[in-house]
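These notes are about the structure you will find just below.
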């Protein structure tokens, strides 16, 4: 057929058009690798993220998580501490205002962030509006598993439109897994593994000390005093008393009625009956208590000079909050009670290592002397 034939020209044009359609369709079906993923955009009451992956949290919930989590909101004090040890520069706000003791350990850019409040507890003060306006990539809750935890997390996620996950941290033994889960969630596996290994080594150390004490050696008996009177304590067997037991000591406050907040009022008469080997006081109350009340001076621990202030920089080493801050307290208490098992040199080494790994700081000799009086 002649190439100038109208019918042939029409067929050729149709063929070219089909090729163009095919190539356009192929191009549109391919990802534009050179383009940067767009920022999250608002769609009604929900926040839509362009690149997501599925994470299963400790409550068994599957949550769609942004690929790169750079902005984090903690749910409460426990989450705040764990996240501070792992990703201190990713906060967009606080569940509670950082204490003055904590500020020197924080990156400058996060020291004056807004306070959202916390989800749980008698002091629950969560401000949803402030939380949402900070535009976190994710809300993270860390702590003990409550029966309602899945429902609670779903509720927060529904009300905020922000991915919300729960990571369990119920005891010293669980902290290794807690850190590994957080490392996977936040893509900081290498650093999380270091913290997990320190946590697990502290548990192994605790078991070793307890095994040695268990061979016919009596346990040192301890009283933990809080508040101005020194007559508020933590009950044996409670979450707040774990450090005492893990260090191989006996908490003398074996109470039938345990305060829900971990604070229990006791009488001076009861303390005299307990007559502990060691007394711990918080917030530098030791000197003022002993000066005001001559009854304290009747106690064996006072007479033998075994009364100590608990280090609280940047967090209390023994009880509050009942989180990873207590790991270093296991070594400190074991040294106070059993110096033949835990030398001063070993204690100093562990304190330096802990502060470097968890609090991102290198302690000077002066720092160490201030912490371990």
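In mature numbering (1 follows the signal peptide of the UniProt record, and there is no 0), the protein residues as written are -34 to -1, 1 to 339. Glycine is no exception: its CB is placed at the ideal position from the N, C-alpha and C atoms. Here the structure is a predicted model, which means the values were calculated and not measured.
DSSP state of residue i mapped onto helix, strand, coil
| i | result |
| --- | --- |
| residue 304 | coil |
| residue 40 | strand |
| residue 110 | coil |
| residue 56 | coil |
| residue 243 | coil |
| residue 125 | helix |
| residue 82 | coil |
| residue 105 | strand |
| residue 311 | helix |
| residue 198 | strand |
| residue 174 | helix |
| residue 216 | strand |
Range covered by the alpha helix (DSSP H) that runs through residue i
| i | result |
| --- | --- |
| residue 98 | 94 to 99 |
| residue 268 | 266 to 269 |
| residue 146 | 141 to 152 |
Residue from the options whose Cα sits closest to the Cα of residue i
| i | options | result |
| --- | --- | --- |
| residue 242 | 103, 215, 128 | 215 |
| residue 326 | 34, 42, 37, 53 | 53 |
| residue 319 | 309, 306, 334 | 334 |
| residue 258 | 195, 199, 131 | 195 |
| residue 139 | 171, 119, 121, 279 | 171 |
| residue 237 | 180, 220, 42, 186 | 220 |
| residue 132 | 48, 315, 192, 179 | 48 |
| residue 73 | 92, 50, 85 | 50 |
| residue 66 | 296, 279, 231 | 279 |
| residue 274 | 206, 189, 286, 200 | 189 |
| residue 336 | 92, 35, 276, 285 | 276 |
| residue 37 | 129, 331, 177 | 129 |
| residue 154 | 270, 330, 55 | 55 |
| residue 124 | 179, 30, 141 | 30 |
| residue 43 | 28, 63, 24, 311 | 63 |
| residue 300 | 177, 239, 202 | 177 |
| residue 109 | 137, 121, 92, 126 | 137 |
| residue 206 | 22, 295, 92 | 295 |
| residue 180 | 307, 19, 244 | 307 |
Run of the beta strand (DSSP E) containing residue i, from where it starts to where it stops
| i | result |
| --- | --- |
| residue 67 | Element bounds for residue 67: n/a, residue is neither H nor E. |
| residue 130 | 130 to 134 |
| residue 28 | 28 to 32 |
| residue 190 | 187 to 191 |
| residue 274 | 273 to 275 |
| residue 21 | 18 to 22 |
Alpha-carbon to alpha-carbon, residue j and residue i
| i | j | result |
| --- | --- | --- |
| residue 39 | residue 80 | 10 Å |
| residue 17 | residue 103 | 12 Å |
| residue 45 | residue 282 | 16 Å |
| residue 324 | residue 61 | 19 Å |
| residue 304 | residue 213 | 9 Å |
| residue 94 | residue 161 | 31 Å |
| residue 341 | residue 264 | Not covered by the structure: residue 341. The range shown for the chain is -34 to 339. |
| residue 266 | residue 247 | 15 Å |
| residue 204 | residue 134 | 18 Å |
| residue 290 | residue 165 | 8 Å |
| residue 249 | residue 313 | 22 Å |
| residue 113 | residue 119 | 12 Å |
| residue 261 | residue 201 | 22 Å |
| residue 339 | residue 332 | 11 Å |
Environment of residue i [buried if 16+ CB atoms lie within 10 Å]
| i | result |
| --- | --- |
| residue 298 | buried |
| residue 144 | buried |
| residue 117 | exposed |
| residue 328 | exposed |
| residue 209 | buried |
| residue 322 | exposed |
| residue 228 | buried |
| residue 147 | buried |
| residue 33 | exposed |
| residue 26 | exposed |
| residue 252 | buried |
| residue 330 | exposed |
| residue 142 | buried |
| residue 286 | buried |
| residue 316 | buried |
| residue 211 | buried |
| residue 158 | buried |
| residue 292 | buried |
| residue 192 | buried |
Residue i beta carbon near the ligand COA (any heavy atom closer than 8 Å)
| i | result |
| --- | --- |
| residue 229 | The ligand COA is not among the ligands present in this structure, which contains no ligands whatsoever. |
Chain D contact for residue i (CB, 9 Å cutoff)
| i | result |
| --- | --- |
| residue 146 | Here chain D cannot be found, since the structure has a single protein chain. |
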